[in-house]
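A.B. asks:
Chains as they are written, first to last, in the numbering used here: chain A, 3 to 307; chain B, 3 to 307; chain C, 3 to 307; chain D, 3 to 307.
#1: Hey, quick one: how far does the beta strand (DSSP E) through residue 45 of chain B stretch, first residue to last?
#2: Give me whichever residues DSSP pairs with residue 38 of chain C in a beta bridge.
#3: Using the Cβ count rule (16 or more neighbours within 10 Å means buried), how would you classify residue 126 of chain A?
#4: Below 7 Å between beta carbons is the criterion; list the residues of the region 132-150 of chain B that meet it against any residue of chain C, in chain order.
#5: So is residue 116 of chain C in contact with chain D if we call contact Cβ pairs under 8 Å?
#6: When DSSP labels each residue in this structure, what does residue 32 of chain A get in the three-state scheme?
#7: Closer than 7 Å by beta-carbon distance: list the chain A residues that pair up with residue 244 of chain B, in chain order.
#8: Along the region 159-184 of chain C, where does the CB come closer than 8 Å to a CB of chain B? Name the residues.
#9: Tell me which residues share the same chain as residue 93 of chain A and place their Cβ nearer than 7 Å to its Cβ, disregarding the 5 neighbours each side in the sequence.
#10: Please confirm whether residue 32 of chain B and residue 199 of chain B have their CB atoms less than 8 Å apart.
#11: At a Cβ threshold of 8 Å, is residue 71 of chain A touching chain B?
#12: Run the CB neighbour count on residue 163 of chain C, radius 10 Å, all protein chains shown included, and call it buried at 16 or more, exposed below.
#13: Taking only three categories from DSSP, how would you classify residue 190 of chain C?
#14: If you measure between the beta carbons of residue 246 of chain A and residue 202 of chain A, is that distance less than 8 Å?
#15: Is there a C-beta anywhere in chain A that falls below 8 Å from the one on residue 155 of chain D?
#16: Shorter than 8 Å from the beta carbon of residue 278 of chain D to some beta carbon of chain C?
#17: Compute the beta-carbon to beta-carbon distance between residue 36 of chain C and residue 44 of chain C, rounded to the nearest angstrom, for a pair I have assumed lies under 8 Å.
#18: Kindly give me the distance between the Cβ atoms of residue 168 of chain C and residue 197 of chain B, rounded to whole angstroms, as I take these residues to be in contact under 8 Å.
#19: Counting only C-beta atoms, is residue 237 of chain D closer than 8 Å to chain C at any point?
#20: Pick helix, strand or coil for residue 108 of chain A, following the three-state DSSP scheme.
#21: List, from N- to C-terminal side, the alpha helix (DSSP H) runs of 4 residues or more that fit wholly inside the region 121-184 of chain A.
#22: Looking at C-alpha atoms only, which residue of D/170, D/272, D/281 is the closest neighbour of residue 114 of chain D?
#23: Identify the continuous alpha helix (DSSP H) that holds residue 19 of chain C and give its terminal residues.
#24: Check for me: the beta strand (DSSP E) holding residue 231 of chain B runs from which residue to which?
#25: Once DSSP output is grouped into helix, strand and coil, what is the label at residue 271 of chain B?
#26: Express the C-alpha separation of residue 151 of chain D and residue 2 of chain D in angstroms, rounding to a whole number.
#27: Is it true that the CB of residue 173 of chain C sits closer than 8 Å to the CB of residue 109 of chain B?
#28: Per DSSP, what kind of secondary structure is residue 209 of chain D in: helix, strand or coil?
#29: Using only the alpha-carbon positions, how far apart do residue 191 of chain D and residue 76 of chain D sit?
#30: For residue 50 of chain D, which option in D/299, D/208, D/156 has the closest C-alpha, if you only look at C-alpha atoms?
#31: Rounding to the nearest angstrom, what Cα-Cα distance links residue 95 of chain D and residue 224 of chain C in this structure?
#32: In the DSSP output, what is residue 282 of chain A paired with across the bridge?
#33: Under the three-state reduction of DSSP, which class applies to residue 288 of chain B: helix, strand or coil?
#34: Just the Cα atoms here: how many angstroms apart are residue 70 of chain D and residue 204 of chain D?
#35: I'd like to know if residue 197 of chain B contacts chain A, where contact means its C-beta is closer than 8 Å to some C-beta of that chain.
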C-alpha cells in the first residue's frame, strides 16, 4: 500500500492508527484507549511509545488525544462549555509540569494558518478571541488579576509563508528567544482523511506539529527541538486533501491505483464543507474558552475583580 | 449516463457543451464559436437557441460567453487591464439595448455569495471595489461627473440565505421595484467540472442565473422573469463539487457508478485550491475594473474631473 | 443658544432632556423616569408625549429607554447575560402588541452602518451574530424548533449610501414590501454628547430613527411612516461629533461661540475611544443575545431540540 | 506654553517645526526645505542635525521627509502612480547604502497597528498588499525573478500589545535576530496636529519611530539601537488626538489653559474623518506600490517573467 501511504493523508493520529489496525498490523509501542464522556463526548488517546511505532505511524513519539463531539460546530453555549472544560482538563494533563507547582507560567499561544482562507483561519480566530495578560501582569504585578495564579498569556498569529516570506519556525524562534515563555501552545487547522470528522474533532498532542498539515504547507516542525520549550498543539480537522478523497473513494473499486494520474490534477486542492464559516467560528470560540479555563482559571470570574 | 448528469455538475455552459459533444450528440440549436485574442486570452461563445437545446443542456436559452486567460489570477496590472477591457467589451455587447441610445442607464450590480467563505466571497468583494454613482448623480445632477454619459451605478451584496433568512430573489425584487434600475448585473462564484478552469475563467451570460450554483445553493433564479428587468450575469468558477471530482476520476476506471454510495458522504462538500484567497482577490479587482470601463467610461479619467 | 442646538449634537434623548433641564426649561409633555436595577444597571425612560415637547427636543414623539451599565463593553459572560436579559425585557415591553397574542411574529432585523469603519460597524456585527430562522420555519414548518413560539427572524446589513448608491430606506422599503415582516428592528451606532457614555449605554425607542445619526449620515428616516410596519430601534453611542466635543469644552470659557470658524474644520470628523474595537465587539454580542432572548426564547435551549 | 507642548501632540516633524517657527524661535541645527513637484505634490524635508535641535523638537536627530498631495486618498491609478514613484525615489535616497552596491538586500517590512481599528489598520493593510519574495528566492535562487536585482522581501503585521501581550520591539527583535534582514521598513498610522493633513500626507524618516504615536500607544522605540539594523519609517497621519483638537481650538480664545480639566475626559480618544475607510484603503495601495517600485523594480514587469 505504498501509494496509499503517500496519497491518503491525515493529520489525525487516530485515523492513522485505525488504518494500521484495519491493515491487520499489530504494532508494539502503539496504544489506543477510548473513554465515553457525558454529552456524547468521546475521548480517544493514542500513545506512540517507540521509535519503531513512530516510524510506522509516520508521526513522532508522544501522546495524541482526540476529543470527538458531534455537535461541536453548532452554536450552543452550555454544550460548548462542557467540551471546553473537557479540553481544558486534557490540556492541563498534557502539560510537562506538575500542575501545582510553578504557576503562573508564561504561555505563548500561536494561531497558525491563513486568516484569509476560511478553513485555515481557525488559529488566527482563536488568537482574536484570546484575553492576553502578559503585558498587564508585567505592568501591574502578579496580583493584577487578584490572585497570583493567573498565567502570563501572550499570543500571535504569524501568518503563512506566502504572506510573510518567512517560515513560522523562524518567526517563533525569534519571539521565543526574546520573550522566554515556559510553553508554546499552537492552534491550527488540520487535514483529516474522513469528511465526517471535519469540524467535530479536536486533536491535542505534546509532540509539536510536523510540516505539511492543514490547508497549506505553512510551517516547518514546531517542537521542543526547534523552539527550545515544550510545545502543546491543538488541531481541528477542517479539510480533506482532494487526492485523499478521490483515492479513498476509488480504493473500493480499483485494485491498482494510478497515483501518477491523480496527483498533478489534485495537487494543491482541498475539500471542505459549505458551512465551514460557521464551523470555524464556533470551534474557535470553544478553543479560546478552553485556553481561558486552563490558564486563567475561570475567565468570567476573573473579569469581576 | 443518467447518474453522471446528476453528479457531474458544472455552471459553465462551455463544459456542458463539451460534454455533450464528447458524448457524440449533435444538438440542433446549440452553437459554439471560439476566438483567440492577443495575450493568451480565449473567448468562447456558446449559443443556445432552441428550447430543445436548452433542455438537453440543462441551461436556459441565451448567450454564454467564456473568457479564459491562464494568468488571470496573478497580480499584474497591465495584463489585467487587457482582460478587463475584453470583458467590458463583451458586457457591452450583451446589453439589451443599442449602446448609443438611452445612456446613462441605471444599473444595479449585485454581489452574490457568502463573504465569510473565501471561494464564495467573489461577488461581495467586487461590490467592495465598486465606485457607485447613483446617489451622487441624484444629488448633483447628470453632469456630476463632467459628462452626461456616466451610468447611475448602485450596488449591494445581499448575503446568503443562511445569513439573512431570505431568498436573494426576495431581497432583490424589493430593491428593484423600489429603485427601478434598467439592468441588473450579478456577480457570483461558480462551480466548474474541471479544476484547471478554477480562477482563470469568466462566464458572462444574458440568461440570468439558475439556482444551485457556486459554493452554496444561495438563490432562486434571478432573471428577467423574476426581477422584471434584464439580467446580465458574470460568474467565475472557484470550486468543483466534491462529488464531481470523485465521479470524474472514477469514471475512467469503473463502468457502473454507485451514485447512492457517494452522495451522502460528499454532499455539501466542495473542492478549492489552496491559493483561493489570492485568486479571488485578483479576479475581483479585474471584474470591478471591467464594470468601471463598461459603465463609467474610463474610471481613472473620470476621477480627474 | 441657537448655535449650540446646531453644534452640540446627540442621538440620545436622555442627553437632550438633561440639556433642556439644565437650561431651566420645564416642558409639558416631557417625562423622565429612572430605575436602578441590580448589577449597576440603570434604566432611564424619557417619554415625549406632545408635539410641542417633540419640537423642543428635536426628536419624534414616543418612548426612549436608556440602559446604562458601566462594564458593558468588557468581556464577561454572566454580567452580559444580566444586561441582555434587561434589554430583552425592555424590547418586549416596547412591542406594539400584547406579548401573548400573535406570536410567532415575522421580524426583520436591520444592522445599519458601515462595516469598514470600526465605530460604525455595530449594526453589521450584530447581524453577523444573529441566528436567523425565517427560511427554516418556511421550509420545515412552525414546529421546526420544537414549539410554535419561535419568531421568524430575517436579517440584513444593507451597507451605507457611499457603498450602495441607495438610501437605506429605499433598500428596506423594497425588502419589507416583498417579505412582509410584522416588525422591523434596527441596530445602529449613535453619536452621544458625552464621551463617558460611549460603549456603556444602549438606547431603545419605538419612534424609528431619524437621519444624521451615528458616524455617517447613512439614512433617511426609518419608521412606521416610511416602512409601513412598526420600527423598534436599538442604538449604542460609539462616537462624539468633533464639533460637539470642541464646543462643549469651550462653552465653559467663552460666551460667544464662533460657530462659523469651527464647523468647516471639524465637519465630517468624529471622536472615538482607542479601544473601540473591543467595545463594539462586546456590545454587539450583548445585543444579539438580547434579540435571541426576546424573539427565540432562550437560544441555548432551542439548540438542543 | 508648557501645557500646550504637552497636549498638542503631533507625530509629524513638519508640524513641530512649524510650531517652533511660529513661536519665533530660530533653532540651530534645524533645517527645512520645500520642493514643489508636478501634480500638486509637495515635498518638505526637515533635518534635525544637533542634539539640541532634537531636544527642542522632541524628536530624534535625522531626516524627516513629508510628501503632501491633496488627492492622495482618492482612487486614481495614474495620480497614485506619480506619488508612489516620488515616495519610492525618496525611500531609495534615505537608504543607508549607496544604491548601486550591495543589492539585493534583505528587507523586513513591518505593518504596525491594530487591524481592527480602521484608522490604525494602515500598516497591516500595506502588508496585506505586499508581494513577498524572500521564501521564493531562498528556494529558487537569486535569479528566481529573472535578474539578480530583486530584493528579498519579508513582511509581518505583529499586532498591538493589547492583542499580543508583547511589545512590538520584543517581537521584532526576535524576528530580526533570526532572519537577519539588512533593513527594517516600518509602516504606521500617525497622529497629526491638523485635521487638514489627515490622509493626504506621508512622512518618511530614517530615525526609527518613537513610542506613543498613532492611534494607540502600540510600541516602544523601533530603531537601529533597539533592532540592530537600520530602520526606515513610513507614516501617514490618520488621526488627531482629541485633546489636541480641543486645545488647538481653545487656544485662540483662552489664555490660560486648564490642562487638568481636559485630559481625563479626552484621554484615550482620537478624532478621525468619516471616510477613513476609503482613505486608509487608497493610501495603503499607494504605499505598497511604492515599496514594490523601490525594492522589486517595477512589479508589473516582474510578473511576466
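Cβ atoms here follow ideal geometry from the backbone N, Cα and C, with glycine treated the same way.
C.D. replies: With the given structure in hand:
#1: 44-50
#2: C/44
#3: The residue in question, residue 126 of chain A, is buried, as its Cβ has 16 or more Cβ neighbours within 10 Å.
#4: 134, 135, 136, 137
#5: yes
#6: DSSP places residue 32 of chain A in the strand class (E or B) of the three-state scheme.
#7: 247, 273
#8: 159, 160, 161, 163, 164, 165, 166, 167, 168, 169, 172, 173, 175, 176, 177, 178, 179, 180, 181
#9: 206, 234, 292, 296
#10: Annotated as distal: residue 32 of chain B and residue 199 of chain B, with beta-carbon spacing of 8 Å or more.
#11: no
#12: Result: buried.
#13: strand
#14: Cβ atoms of residue 246 of chain A and residue 202 of chain A: not closer than 8 Å.
#15: yes
#16: Taking Cβ atoms only, chain C reaches closer than 8 Å to residue 278 of chain D, which makes this a yes.
#17: 7 Å
#18: The Cβ separation is near 38 Å, so there is no contact.
#19: Closer than 8 Å: no.
#20: strand
#21: 124-131, 136-142, 163-166, 170-181
#22: Comparing C-alpha distances from residue 114 of chain D to each of D/170, D/272, D/281 shows the shortest one belongs to D/170.
#23: Looking at the DSSP string, the run of the alpha helix (DSSP H) that includes residue 19 of chain C is 15-24.
#24: Segment: none, residue 231 of chain B is in no beta strand (DSSP E) and carries neither H nor E.
#25: strand
#26: Lying before the first or after the last residue shown, residue 2 of chain D is absent from chain D, which here runs from 3 to 307.
#27: No, Cβ-Cβ distance for residue 109 of chain B and residue 173 of chain C is not below 8 Å.
#28: It is coil, neither helix nor strand.
#29: 18 Å
#30: For the options D/299, D/208, D/156, the alpha carbon positioned closest to that of residue 50 of chain D is the one of D/208.
#31: Taking the straight line from one Cα to the other gives about 55 Å.
#32: Per DSSP, none; premise fails for residue 282 of chain A.
#33: helix
#34: 7 Å
#35: yes
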